[in-house]
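Take a look at the structure set out below.
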Amino acid sequence: MNAPFKTAAALGIEAGLHPAPDHQVAVIGLGYIGLPTAALLASYGWNVCGVDVSKRVVETVNAGGVHIEERDLDKLVHDAITARTLVASTEVPTASFYMIAVPTPLGEGNAPDISYVEAAARAIAPKILPGACVIVESTSPVGTTERVAEIISELRPDLVVPRDGSTEEADIALAYCPERVLPGRIVNELVHNDRVIGGVTPACAERAAVLYTSFVKGDCLYTTARVAETVKLVENSFRDVNIAFANELSMIADVIGVDVWDVIRLANRHPRVNILQPGPGVGGHCIAVDPWFLVAGAPAAARLVRTAREVNDHKAVHTEARICALLDAAPEGKIALLGLAFKPDIDDFRESPALEIAEALAHTHGNRILVVEPFTEDMPAALAGSGAELVTLDAALRTAEIVVVLVDHTAFKHLGPDDLAGKLVFDTRGMLRR
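Oh and the sequence shown: position 159 is 159 in my numbering, straight run, nothing missing.
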């Protein structure tokens with residue numbers, strides 16, 4: 001049986017044998033997950049320090065502002081800064097809880113890159129006091145939490161770091177608790193969704209739960225760190241596989257000459273069929289990335305997961321080819337590309353198939369491309385210098401002969417037949433049929 005994690009009292013912290021931490025919680029990484037989590041914890045009375053390598057981000061947050069578009073986040077941050085329960089810094093403080101929420105991108109050949117998590121572990125290691133709890137929230141390949149334990153052990157030989165199966169009583173706690181939120185609803189879902197808390201030992205899970213049960217209204221479910229890591233990857237792989245079926249079906253429909261939207265609408269009248277809606281591909285830092293982490297852990301076994309990723313990546317290529325055919329059909333006409341974000345009503349362009357398609361078209365048909373994206377004031381760097389122009393929706397509709405819906409932003413949903421009369425229209429989202 002695993003040995004327990006030593007409590008703060010047992011380690012003499014309450015008796016003053018160790019210094020008190022500077023903050024109750026340190027959130028490492030103030031991105032799409034870290035900043036909402038830090039602000040939410042602060043709103044529940046925790047004394048929080050948000051840490052980021054970007055001085056611009058730190059200055060923005062300390063001024064009570066936000067650098068990302070997310071519903072209710074601006075007020076949450078402003079109120080927490082005003083109440084002095086939240087502060088941002090480029091330096092890691094001492095804390096009772098450390099939450100790592102940094103990016104985990106794909107490297108060459110779709111290999112997982114956990115270098116940011118490793119860097120975060122190295123940054124917090126010198127600051128950790130006995131009794132502290134380290135929680136990894138970054139979506140990561142299985143075994144990442146164990147890698148964090150290795151780094152802390154190497155840099156802090158004075159601390160007993162928990163290990164699965166060890167009988168030695170640990171000085172700190174270590175756990176993995178993945179986020180499972182929807183952009184645009186992050187603040188709400190951080191509170192109301194169930195959480196899976198994976199401890200390196202059962203005692204570590206219980207220690208991490210002290211933090212989560214203070215604000216989570218959903219269930220907090222305990223398991224091991226490796227199971228929790230796998231759960232996160234499985235959740236997004238499940239969605240990716242189901243989207244891949246819809247996207248492949250749309251490509252089949254193109255070949256055999258049927259309307260995919262009618263096919264899906266009628267097939268879904270079957271009581272046990274629920275086909276998702278196709279699109280131009282799959283984007284975001286979760287569904288478009290996490291399945292590759294699962295493939296990396298078992299490359300020979302993860303055949304369906306790999307194929308689904310390939311299908312969804314290819315859908316962007318297929319969509320670009322169809323748009324090029326429209327450009328050839330109107331050789332002098334301009335084309336309006338509606339939307340660049342990876343999903344509706346957000347300003348997040350990470351892994352966006354819409355942006356990928358726009359970039360490819362801009363580099364072959366630059367001055368014919370009109371981009372409409374209500375969630376940015378500046379042309380993304382990928383399109384800069386290409387000749388493509390960022391315009392308003394009204395300007396695009398006045399000028400373009402071709403209109404392509406890449407993202408079904410609410411700002412586009414009022415479009416009707418009169419707005420698009422006489423134009424070639426390609427709706428990758430089925431928005432105009434709803």
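We treat Cβ as the ideally placed atom computed from N, Cα and C, and that holds for glycine. Note that the coordinates shown come from a computational prediction; the quantities given were computed from them, not determined experimentally.
When you compare only the Cα positions, how much space is there between residue i and residue j?
i: Arg441; j: Phe238; result: Residue 441 lies beyond the stretch modelled for the chain, which goes from 1 to 434, so this question has no answer here.
i: Ala421; j: Val372; result: 19 angstroms
i: Val473; j: Thr144; result: This structure cannot speak to residue 473, because the chain is shown only from 1 to 434.
i: Lys343; j: Gly184; result: 10 angstroms
i: Asp262; j: Glu401; result: 26 angstroms
i: Val273; j: Val241; result: 15 angstroms
i: Leu266; j: Val317; result: 27 angstroms
i: Glu332; j: Cys324; result: 13 angstroms
i: Pro103; j: Glu235; result: 18 angstroms
i: Arg84; j: Thr319; result: 49 angstroms
i: Glu248; j: Arg122; result: 43 angstroms
i: Thr201; j: Glu168; result: 11 angstroms
i: Arg195; j: Glu91; result: 29 angstroms
i: His414; j: Leu397; result: 13 angstroms
i: Leu174; j: Gln24; result: 16 angstroms
i: Leu159; j: Ala170; result: 8 angstroms
i: Thr428; j: Ser250; result: 10 angstroms
i: Val260; j: Thr139; result: 33 angstroms
What is the DSSP secondary structure of residue i, counted as helix, strand or coil?
i: Asp164; result: coil
i: Gly297; result: helix
i: Leu35; result: helix
i: Cys177; result: coil
i: Met99; result: strand
i: Phe426; result: strand
i: Val124; result: Contrary to the premise, residue 124 reads as Ile rather than Val in this sequence. It is helical.
i: Glu69; result: coil
i: Ile186; result: helix
i: Leu383; result: helix
i: Ala170; result: strand
i: Ile81; result: helix
i: Ala15; result: For Ala15, the predicted structure reports a pLDDT of 41, less than 50, and the residue's modelled location is therefore unreliable. A value from the coordinates is still provided. Here Ala15 sits in coil by DSSP.
Any idea which residues DSSP pairs residue i with across the strands?
i: Tyr222; result: Ile197
i: Ser89; result: Val51
i: Val136; result: Ile100 and Tyr176
i: His23; result: Ala95
i: Glu150; result: Paired residues: none, contrary to the question.
i: Leu106; result: Pro112
i: Ile402; result: Ile335 and Leu424
i: Leu478; result: Outside the shown range of the chain, which is 1 to 434, sits residue 478, and nothing can be said about it.
i: Ile287; result: The partner list for Ile287 (beta bridge, DSSP) is empty, contrary to what the question assumes.
Would the beta-carbon of residue i fall within 7 angstroms of that of residue j?
i: Ala336; j: Leu370; result: yes
i: Val134; j: Tyr98; result: yes
i: Pro93; j: Ala26; result: yes
i: Ile81; j: Tyr32; result: no
i: Ala112; j: Ala296; result: The identity of residue 112 in the sequence shown is Pro, whereas the question assumes Ala. Yes, the pair counts as a contact, with Cβ atoms nearer than the cut-off.
i: Leu40; j: Leu190; result: yes
i: Val48; j: Ala38; result: yes
i: Glu108; j: Glu137; result: no
i: Val404; j: Phe375; result: no
i: Pro36; j: Leu73; result: yes
i: Ala132; j: Ser96; result: yes
i: Ile28; j: Ala149; result: no
i: Glu229; j: Val305; result: no
i: Val77; j: Val66; result: yes
i: Gly366; j: Ala330; result: no
i: Ala354; j: Pro280; result: yes
i: Asn188; j: Gly218; result: no
i: Arg368; j: Lys423; result: no
i: Ala384; j: Ala308; result: no
i: Gly198; j: Val227; result: yes
i: Val407; j: Ala321; result: no
- Item | Completely contained alpha helix (DSSP H) runs for the segment 318-365, where each covers 4 or more residues | 353-365
In chain order, what are the residue ranges of uninterrupted alpha helix (DSSP H) at least 4 long that sit wholly in the segment 203-284?
If one requires a minimum length of 4 residues, the alpha helix (DSSP H) runs lying completely within the segment 203-284 are 225-256 and 260-267, in chain order.
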